[in-house]
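First the structure, in the form of structure tokens, and then the observations on it.
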Amino acid sequence: MDTIVVDQGRSSTYEFVEPQTIQPSGNTLENRQHYLQTWMDESKRDVYLVPYIDGSHWQLMVIIPKQCKIIWFCSLHKKMKNDLRTMLQGVIGKSRSQLVQILYPKVRFKSTSPIPEDTIRQIRQE
């Protein structure tokens with residue numbers, strides 16, 4: 640995905656955060672907070688894509704600091720844990736003196752069958 644963002648000339652809009660840097664295992668809360676704060680202060684992107692692993696389950700955060708919003712994608716529909724929420728509030732909300740809004744989109748597919756390849760090709764062409 641990083642290649643697509645760069646190829647489309649949007650590399651100044653998006654930034655990917657290394658997942659291991661914000662995981663609780665082996666990192667203190669202060670280290671994780673400091674890393675994210677420094678990363679966001681220096682890169683100044685509009686959107687951060689942050690993979691997060693909880694046990695053996697991957698989730699994805701889309702952080703939009705200027706709007707003080709986080710979109711939390713979890714295929715198991717789990718909510719964000721409080722320690723992670725607190726850390727992110729310290730990083731994102733602190734600079735804007737606002738509460739961080741966390742959005743939990745609900746997407747449930749009616750079918751588990753794959754999308755036909757012709758449909759995928761058509762979407763890619765548009």
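With my numbering as the guide, the letters of the sequence shown map in order to residues 640 to 765. Don't be surprised by glycine CBs; every beta carbon is placed ideally from N, CA and C.
- With contact defined as three or more Cβ pairs closer than 8 Å, the segment 706-716 and the segment 737-746 are in contact.
- Closest option to Ser-714, judged by alpha-carbon separation, among Glu-669, Tyr-743, Asn-721, Lys-720: Tyr-743.
- In this structure Ile-731 is buried. Its beta-carbon is surrounded by 16 or more other beta-carbon atoms within 10 angstroms.
- DSSP, reduced to helix, strand and coil, places His-673 within a helical segment of the structure shown.
- Each residue's CA atom was taken as its position, placing Met-719 and Gln-672 some 16 Å apart.
- Look at Glu-756 here: in three-state DSSP terms it is helix.
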